[in-house]
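Below is one structure, written out as C-alpha cells; the observations come after it.
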DNA sequence: ATGTCGATACGCTATCGA
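Residue numbers (my numbering): 281 to 536.
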C-alpha cells in the first residue's frame with residue numbers, strides 16, 4: 281500500500297501534472313495541499329475518472345486540502361483542526377482509509393516573522409500538538425502527512441545559514457516540530473534514511489531545482505502501529521522537473 | 001534584494017501569498 285503527499289500549488293492549474301503522476305505512480309492514498317480552489321471548483325470528475333474517490337476542503341484563492349483513495353471511499357472524520365472555531369483557513373482534513381486514520385495537513389507558512397502570521401503558525405502548531413497527542417492515545421494506526429512548512433534540522437536545507445530568520449527554520453518552528461515528533465511519532469523518511477540529504481521542495485526562483493537548492497518540509501509522521509508496517513519511502517523528485525510543475529515534489533511511503 | 005509561480009479582480013496588468 282502506497283500513501284503519498286503532494287503540495288500541488290493549485291489543483292486546477294496542476295491537473296495535467298497531477299493526473300500524469302497518478303497514472304504513473306498509482307498510489308493508493310494521496311494527501312493534497314494548496315488546492316487554491318473553492319469547494320465547488322475541485323476537479324472531482326477528472327479525479328474520479330483517474331480511478332480515485334476524494335474528500336476535500338476547498339477555499340477560494342488559497343489553502344485547501346484533499347484526501348484521494350483508489351480503493352474504498354475515504355470515510356471523512358473531520359475537516360478542521362480542533363481548538364479555534366474562528367479559524368476559517370482550509371488546512372486540515374482527516375479520513376479513515378483501509379483502517380488507517382489519515383490526517384492531511386497544510387501548516388501555515390508563517391512569513392514574515394516575527395509578526396501575526398508567525399504567531400498564527402505557532403498557534404496552529406500548538407493545536408496540532410494537542411490533536412496529535414489525542415490521536416496517539418487512541419492507539420490506532422495514524423499517518424499525519426502534508427506540508428509542515430518546517431525544516432526539521434540544518435541537514436534538511438541546502439544552506440541553513442540563509443534560512444535562520446525564515447519562519448520555516450526559526451528555532452521556535454524547529455522546536456515545535458521536534459516536540460511534536462517526541463510525542464511518539466516517527467518521521468518516516470528520516471527514519472529510513474538517517475544520513476541522506478532529502479529535499480521535497482525547490483523554490484521557483486533562481487533555478488533552485490537545477491542547483492538542488494532544496495528544503496525538506498513535506499513529512500510523514502507515523503504512529504507506532506503504522507511504523508511496524510513501513511517498508512519503503514521516497515521522493516518522486518523527477519516530477520519537480522516536469523513542465524508546469526509544482527514547487528514541491530510528491531513524497532510517499534509504502535506499508536505492508 | 002533578488003527571483004517565479006497560481007489565483008484573483010474595477011480583468012490583458014497589478015496585487016497577494018508563497
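C-beta: ideal position from N, C-alpha, C; glycine also.
Nearest-angstrom beta carbon gap, residue j and residue i [assumed within contact, 8 Å]
i: residue 460; j: residue 528; result: Not really, about 20 Å apart at Cβ, beyond 8 Å.
i: residue 413; j: residue 386; result: No, residue 413 and residue 386 are not in contact; Cβ-Cβ is about 20 Å, not under 8 Å.
i: residue 404; j: residue 373; result: Not confirmed; about 14 Å, so no contact.
Segment limits, alpha helix (DSSP H) that includes residue i
i: residue 303; result: 295 to 305
i: residue 409; result: 396 to 417
i: residue 457; result: 451 to 461
i: residue 499; result: Here residue 499 belongs to no alpha helix (DSSP H); instead the beta strand (DSSP E) covers 498 to 502.
Boundaries of the beta strand (DSSP E) in which residue i is found, first to last residue
i: residue 292; result: Run containing residue 292: none; DSSP gives neither H nor E here.
i: residue 513; result: 510 to 515
i: residue 427; result: 422 to 427
i: residue 337; result: 333 to 337
i: residue 437; result: Counting along the chain, residue 437 falls outside any beta strand (DSSP E), and DSSP gives it neither H nor E.
i: residue 287; result: 282 to 287
i: residue 386; result: 380 to 386
i: residue 593; result: Not covered by the structure: residue 593. The range shown for the chain is 281 to 536.
i: residue 361; result: No beta strand (DSSP E) holds residue 361; DSSP gives it neither H nor E.
i: residue 444; result: Unbroken run through residue 444: none, as it is neither H nor E.
i: residue 313; result: 309 to 313
Three-state class that DSSP yields for residue i in the structure shown
i: residue 520; result: helix
i: residue 486; result: helix
i: residue 481; result: strand
i: residue 241; result: Nothing can be reported for residue 241: it is not among the residues displayed for the chain, which extend from 281 to 536.
i: residue 467; result: strand
i: residue 594; result: There is simply no residue 594 to check, as the chain begins at 281 and stops at 536 in what is shown.
i: residue 326; result: helix
i: residue 374; result: strand
i: residue 356; result: strand
i: residue 319; result: helix
i: residue 505; result: helix
i: residue 495; result: strand
**Request:** Inspect the CB distances between the segment 340 to 347 and the segment 306 to 323 and report whether three or more fall short of 8 Å.
**Result:** For the pair of segments examined, the segment 340 to 347 was found to touch the segment 306 to 323: the number of CB pairs separated by less than 8 Å reaches three.
**Prompt:** Just checking, does the segment 323 to 333 make contact with the segment 299 to 306 on the three C-beta pairs under 8 Å criterion?
**Reply:** Touching, yes, given that three or more Cβ pairs across the two stretches are closer than 8 Å.
**Request:** Kindly confirm or deny that the segment 451 to 460 and the segment 481 to 498 touch, where touching means at least three C-beta pairs closer than 8 Å.
**Result:** In short, these stretches do not touch, since the Cβ pair count stays below three.
**Prompt:** Is the segment 498 to 505 touching the segment 434 to 448 in the sense that three or more CB pairs, one from each, lie closer than 8 Å?
**Reply:** They do not touch, by the three-pair rule.
**Request:** Count the CB pairs spanning the segment 287 to 294 and the segment 350 to 357 that are closer than 8 Å, and state whether there are at least three.
**Result:** Output reads no: the segment 350 to 357 does not touch the segment 287 to 294.
**Touching by the beta-carbon criterion (3+ pairs, under 8 Å), the segment 466 to 484 and the segment 518 to 534** = The answer is yes - the segment 518 to 534 touches the segment 466 to 484, with three or more Cβ pairs under 8 Å.
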